[in-house]
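Trainee: Please read through the structure below; I'll follow up with questions.
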Amino acid sequence: MALANDLGLTSKVVSERHYYASQTMFTAGESAKIITKSVGRKVSAKDLKFLYELHYGTHMEWHHSGFFSGISGRTMGRPYFISPDEMQDIIENFDTLFPVLEEHKKSAEEVVCAFYWKWINQGTDRRPH
Numbered sequence: 148m149a150l151a152n153d154l155g156l157t158s159k160v161v162s163e164r165h166y167y168a169s170q171t172m173f174t175a176g177e178s179a180k181i182i183t184k185s186v187g188r189k190v191s192a193k194d195l196k197f198l199y200e201l202h203y204g205t206h207m208e209w210h211h212s213g214f215f216s217g218i219s220g221r222t223m224g225r226p227y228f229i230s231p232d233e234m235q236d237i238i239e240n241f242d243t244l245f246p247v248l249e250e251h252k253k254s255a256e257e258v259v260c261a262f263y264w265k266w267i268n269q270g271t272d273r274r275p276h
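For the sequence shown, my numbering gives the first residue as 148, with consecutive numbering after it.
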């Protein structure tokens, strides 16, 4: 994977594939704003990702973007992309997809209680907590 700034395509530190995708596709955030305006309901980029997976049965396309400091050190971002045709298709089917999204949000807010194993003394003594 080559970086687009190494190839002279842009001054930003993004992958070559990210650069080419950004020329013909919308990011999830840009698409969420367009969908929100056209359907009249608030849709976030995270919601759009769920709607896409629900409608098409596969994950959205993503490419590496610039570096940032993450938990495991310096890592790259992961923006999601959607084509204009796919975005229009989601807008057209929004009335059937939106109730499933609302149900998903409600179930995600429920409290989940569970136990886990805690390793003590380098894994020699396990007990549930």
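The beta carbon of each residue, even a glycine, is placed where N, CA and C say it ideally should be.
Spatial neighbours of His210 within its chain, please: C-beta separation below 6 Å, excluding the five flanking residues on both sides.
Mentor: Numbered from its first residue, the sequence shown carries residue 210 at position 63. Around His210: Ser162, Arg164, His165 and Ala168.
Trainee: To the nearest angstrom, report how far apart Gly224 and Ser216 are at their CA atoms.
Mentor: Numbered from its first residue, the sequence shown carries residue 224 at position 77. Numbered from its first residue, the sequence shown carries residue 216 at position 69. So the two alpha carbons sit approximately 10 Å from each other.
Trainee: Cβ atoms of Ile237 and Ser185: under 7 Å apart, would you say?
Mentor: On the sequence shown, position 38 is the one that residue 185 refers to. On the sequence shown, position 90 is the one that residue 237 refers to. The answer is no: Cβ separation not under 7 Å.
Trainee: Classify Thr205 as helix, strand or coil using the three-state DSSP reduction.
Mentor: Locating residue 205 in the sequence shown gives position 58, counting from the first residue. Shown here, Thr205 sits in coil according to DSSP, grouped into three states, outside any helix or strand.
Trainee: Among all the DSSP beta bridges, which residues are the ones paired with Thr222?
Mentor: As a working mapping, residue 222 is identified with position 75 in the sequence shown. Its beta-bridge partners are Phe215.
Trainee: Going by DSSP, what residues sit across from Ile229 in a beta bridge?
Mentor: Residue 229 sits at position 82 when you count from the first residue of the sequence shown. BP columns for Ile229 point to Phe173.
Trainee: Buried or exposed: where does Ile108 fall if 16 or more other Cβ atoms within 10 Å of its Cβ makes it buried?
Mentor: Any answer about residue 108 is impossible in this case: the structure gives the chain only from 148 up to 276.
Trainee: For a test of the three-state rule: what should DSSP assign to Val190, helix, strand or coil?
Mentor: As a working mapping, residue 190 is identified with position 43 in the sequence shown. Residue state, collapsed to three classes: coil.
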